[in-house]
Amino acid sequence: MSSSDDSSDASVDDRDVSLRGIAAQVPKLTLVKRLTNIQRQFEFDCEKSINFVEHLECLRFHHSAKRSRNGQPSGPIALMKRHIIDGSKGNFVAVSWTWSPSPGFETKKPDDGYHVEERGSTRLVPSGVRDSILTRIRKYMEYKKTDHFWIDKQCIVQTPGREKEIGMQAMDLVYGRSKYPIALLARPIASQEELDLLTRICKGDLINSGAGLSTLSEMAPRETALVAMHLLKNITDDLWWTRGWTYQENFRAFFRMVLLLPHAPALSCEKDAKLFGHLSGQLCIQSKMFHEQATRFCVAFNKQYHDPLEQELYDSVMARAGSYRALFQEEVARGEIPSPQVMSPIIIKNVTQRGLERVWDRIPIIANCCQYKALLDSMELDKAKDSVSLTTLALYLMNGEILMNEPEHPDNVDNTRDSTVVEFIQAQSYKWLRFPSPGNGSLTFNKGCRFADPVRLSKDGILTKGHLWAVEKLVSAEHFKTRRRPSRRTSRLDYVTFKLRHIADKLEELGEYGLARLLNTELAGKRETFSQDWKSWMSESLVEAVNGGRALQVGIARLVGPRNPGEDSGALFVIEDNVFTRDGDSDEDNDEDNDEDSGEENESEESEESDALAFEELEEDDQILIFTSFRERESNWAAELNDLDRYVSMAVRCDDVRENRPKLYTTKRWVWGLCFFQGQPRNEVVFPWPEALVSL
55 MSSSDDSSDA SVDDRDVSLR GIAAQVPKLT LVKRLTNIQR QFEFDCEKSI NFVEHLECLR
115 FHHSAKRSRN GQPSGPIALM KRHIIDGSKG NFVAVSWTWS PSPGFETKKP DDGYHVEERG
175 STRLVPSGVR DSILTRIRKY MEYKKTDHFW IDKQCIVQTP GREKEIGMQA MDLVYGRSKY
235 PIALLARPIA SQEELDLLTR ICKGDLINSG AGLSTLSEMA PRETALVAMH LLKNITDDLW
295 WTRGWTYQEN FRAFFRMVLL LPHAPALSCE KDAKLFGHLS GQLCIQSKMF HEQATRFCVA
355 FNKQYHDPLE QELYDSVMAR AGSYRALFQE EVARGEIPSP QVMSPIIIKN VTQRGLERVW
415 DRIPIIANCC QYKALLDSME LDKAKDSVSL TTLALYLMNG EILMNEPEHP DNVDNTRDST
475 VVEFIQAQSY KWLRFPSPGN GSLTFNKGCR FADPVRLSKD GILTKGHLWA VEKLVSAEHF
535 KTRRRPSRRT SRLDYVTFKL RHIADKLEEL GEYGLARLLN TELAGKRETF SQDWKSWMSE
595 SLVEAVNGGR ALQVGIARLV GPRNPGEDSG ALFVIEDNVF TRDGDSDEDN DEDNDEDSGE
655 ENESEESEES DALAFEELEE DDQILIFTSF RERESNWAAE LNDLDRYVSM AVRCDDVREN
715 RPKLYTTKRW VWGLCFFQGQ PRNEVVFPWP EALVSL
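Those letters in the sequence shown? Residues 55 to 750, per the numbering used here, in order.
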């Protein structure tokens with residue numbers, strides 16, 4: 055779903071307006087009041103989107119027929135009939151295309167070669183889709199031997215209203231579920247030289263990737279590298295790369311999405327069939343592969359060439375075809391902690407930069423790409439004519455995304471109010487996530503670092519539920535080390551389990567019998583699913599802390615709130631020395647990772663005093679407070695695509711824990727640990743608004 059018209063709705067697009075400017079649009083209402091009103095008035099029931107996919111209207115090509123004009127046959131036309139299928143099974147082609155022709159590559163010539171059944175009748179009407187698009191779809195379906203295809207212009211009701219809104223909100227599920235998603239690009243590969251160069255880019259022949267770091271290879275001297283960059287820019291100048299809807303379609307179908315690039319007929323025998331497929335006249339390129347290889351080449355190019363033209367080429371290609379995962383891997387290979395670590399602000403920025411015919415479509419696109427479960431009705435919002443940017447912020451927050459909200463210097467607050475909403479989200483988003491070990495797993499983990507629902511926006515702040523813990527005892531991590539070692543053939547899961555059983559034994563020595571019992575019960579009861587559970591991440595962090603060389607302590611914590619927490623609750627947290635002051639604040643000057651943690655025991659370096667039972671009991675005013683919140687995603691096929699496991703475990707500062715609804719402040723510090731709260735209800739807490747949003 056895409057159009058090239060950026061101006062039709064420009065009057066309400068305030069993506070370049072500051073927070074201060076947005077506040078001035080409606081001076082009678084504060085920004086906070088407007089945010090709460092947006093959630094209260096426009097939240098959308100996403101369950102209807104699931105029904106849309108399970109009863110998916112698709113099209114099927116039928117044999118040509120004769121079109122009658124004045125009762126006389128005149129020429130052959132292709133027929134498309136409507137069929138309802140269970141789209142959750144994925145047996146259909148999902149088509150990503152631009153409604154307007156791509157300038158320079160396609161024309162607006164009249165199209166009437168394909169007719170389709172009108173919805174609700176058998177009357178045939180022109181399809182409204184360019185013949186060239188439908189012909190390419192038909193050839194691809196014959197190539198893949200599949201019967202049905204889905205295309206938005208015909209398969210979503212186009213009359214404004216509830217049906218159209220449901221279809222738009224379900225598009226991420228359509229593309230995410232399809233086994234055959236395709237993107238129809240218009241820019242052709244015109245020569246043997248272009249085909250050879252694209253082949254080398256896609257195979258990675260122009261770069262060296264030693265130790266994960268990309269550099270230009272001997273096959274890419276300056277002239278060749280520049281030609282390759284120009285080719286990538288020409289490919290990504292296609293209209294398809296610039297649109298908001300096609301960004302979503304590619305994002306949600308990413309691992310299955312196939313980019314179809316037309317090529318000159320003479321090149322059919324010359325192309326690498328393993329790389330580009332066998333479809334006549336088309337290169338079939340895996341989108342994931344293209345993004346990653348283009349990104350690695352661009353990164354290698356940018357390391358070596360920096361003049362303004364070269365930088366412009368790099369920026370243009372990366373803005374449209376950059377791979378976050380490939381960039382992340384480059385940062386890890388350089389030994390850097392990737393930042394920012396949360397993908398949602400990057401997605402919001404990318405979507406906001408892309409063109410849309412109707413600017414309010416930005417809201418469902420962002421929701422779909424970020425896998426947001428709480429949705430907003432963009433049709434009704436369009437009628438209300440509030441701020442699109444402020445609505446984006448409301449959507450972001452009501453889906454559990456975390457903002458830094460510590461008090462700031464007045465000058466910083468004033469500067470923040472001069473930023474746009476996208477800039478505000480990037481600056482204030484919670485970035486201090488800690489995954490046990492670097493790698494791709496941390497990207498998956500980071501996406502779920504959100505408050506568990508329900509999340510409500512209120513005049514006081516962001517309301518959510520979870521458990522508040524007070525660390526009462528600190529024990530040196532040295533105490534939990536062991537000289538006993540498992541077999542060399544022990545799996546990672548068995549190794550972690552072995553270590554946790556030893557930790558349970560040490561807890562008993564400390565008199566923490568209840569916590570030891572909970573840990574042993576967890577190990578015994580969750581054995582089959584242990585590696586898939588969120589507690590496996592928490593467990594690994596605890597084991598890494600015990601094995602590590604840093605100055606660490608293990609905090610033993612109790613639940614705050616219940617009058618009688620009982621023996622079914624308790625927690626262990628990894629506490630870094632010189633990171634927490636006693637009110638829960640963090641000391642960033644001492645935040646350096648030690649890369650020597652290997653997960654292996656080093657017997658010669660073990661402390662002779664590791665059996666010492668000394669620990670530090672904290673006075674009530676000195677106790678470290680930690681907020682946790684966990685929710686498993688729903689167990690249905692749609693939840694796999696549009697919901698996430700959610701987990702939060704972070705140090706907080708609290709003005710008064712005795713309040714019925716404590717006010718908590720984030721402290722830029724994620725805290726790993728294991729929590730047990732069987733039967734204990736979650737308590738409602740409020741995270742106050744960042745100061746930049748208050749009084750505007």
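Backbone N, C-alpha and C define an ideal beta-carbon position, used for all residues, glycine too. These numbers were taken from a predicted model, which means no experiment stands behind them.
Given a length threshold of 4 residues, each whole run of the alpha helix (DSSP H) inside the segment 222-248 is given here in chain order: 225-231. Along the segment 264-316, the alpha helix (DSSP H) occurs as fully enclosed runs of 4 or more residues at 276-290 and 298-306, listed in sequence order. Ile-629 is positioned such that its CB atom lies no closer than 8 angstroms to that of Ile-557. Ranked by Cα distance from Leu-429, the first of Asp-440, Thr-446, Lys-439 and Val-413 is Thr-446. Rounded to the nearest angstrom, the Cβ distance from Leu-449 to Ile-420 is 6 angstroms, consistent with a contact under 8 angstroms.
Residue environment analysis places Thr-721 among the buried positions, since at least 16 neighbouring C-beta atoms fall within 10 angstroms of its C-beta. Note that the C-beta distance between Ala-625 and Glu-526 is not below 8 angstroms. A distance below 8 angstroms separates the beta carbons of Asp-514 and Pro-742. The beta carbon of Phe-344 sits closer than 8 angstroms to the beta carbons of Cys-256, Leu-313 and Ala-375 from its chain, once the five residues preceding and following it are set aside; these are given in chain order. If you draw a straight line from the Cα of Tyr-168 to the Cα of Ala-132, it is about 5 angstroms long.
Here DSSP, grouped into helix, strand and coil, assigns Trp-414 to helix. With 16 or more other Cβ atoms inside 10 Å of its own Cβ, Met-433 counts as buried. Under the DSSP assignment, Arg-700 falls in the beta strand (DSSP E) whose first and last residues are 700-708.
Residue pairing by DSSP places Cys-338 opposite Leu-314 in a beta bridge. Pairing Arg-700 with Met-592, the inter-Cα distance amounts to about 13 angstroms. Cα atoms of Leu-511 and Leu-89: separation of roughly 7 angstroms, rounded to the nearest angstrom.
In summary, His-116 is exposed, with fewer than 16 beta-carbon neighbours lying within 10 Å of its beta-carbon over all protein chains present. Taking C-beta separations shorter than 7 angstroms and ignoring five residues to either side along the sequence, the partners of Phe-351 in its chain run Ile-255, Leu-260, Ile-261 and Ala-282, following chain order. Of the candidates Tyr-719, Asn-714 and Asp-291, the residue whose Cα lies closest to the Cα of Ala-705 is Tyr-719.
Of the residues assessed, Lys-135 falls on the exposed side of the cut-off, its CB having fewer than 16 other CB atoms within 10 angstroms. Ala-307 sits close to Ser-232, with the two beta carbons spaced by under 8 angstroms.
Leu-333 has its alpha-carbon roughly 7 angstroms from the corresponding atom of Tyr-197.
Using a Cβ distance threshold of 8 angstroms, Val-149 and Ile-191 count as a contacting pair. DSSP places Glu-364 within a helical segment (H, G or I) once states are collapsed to three.
Looking at Thr-300, Phe-534, Lys-485 and Ile-456, the one whose alpha-carbon comes closest to that of Pro-235 is Thr-300. Excluding residues up to 5 positions away in sequence, Tyr-426 and Ala-428 lie with their Cβ nearer than 6 angstroms to the Cβ of Asn-453 in the same chain.
By the neighbour-count definition (other C-beta atoms within 10 Å, threshold 16), Lys-325 is a buried residue. Considering only Trp-151, Thr-290, Glu-160 and Thr-269, the residue with the shortest C-alpha distance to Ala-237 is Trp-151. A Cβ-Cβ contact shorter than 8 angstroms links Leu-517 with Val-740. Contact between Glu-455 and Arg-412 is ruled out by a C-beta separation of about 24 angstroms, above the 8 angstroms threshold. Cβ contact annotation for Leu-285 (same chain, cutoff 8 angstroms, sequence separation greater than five): Glu-248, Leu-251, Leu-252 and Ile-255, in chain order. In this structure Phe-309 is exposed. Its beta-carbon is surrounded by fewer than 16 other beta-carbon atoms within 10 angstroms. Spatial neighbours of Glu-738 in its own chain (CB-CB distance under 7 angstroms, excluding positions within 5 residues in sequence) are listed in chain order as Leu-517, Lys-519 and Arg-715. Exposure of Gly-158 is indicated by the presence of fewer than 16 other C-beta atoms within 10 angstroms of its C-beta.
Contact annotation: Val-475 and Glu-745 have beta-carbon atoms that are not nearer than 8 angstroms.
Secondary structure at Met-134: strand, using DSSP grouped into helix, strand and coil.
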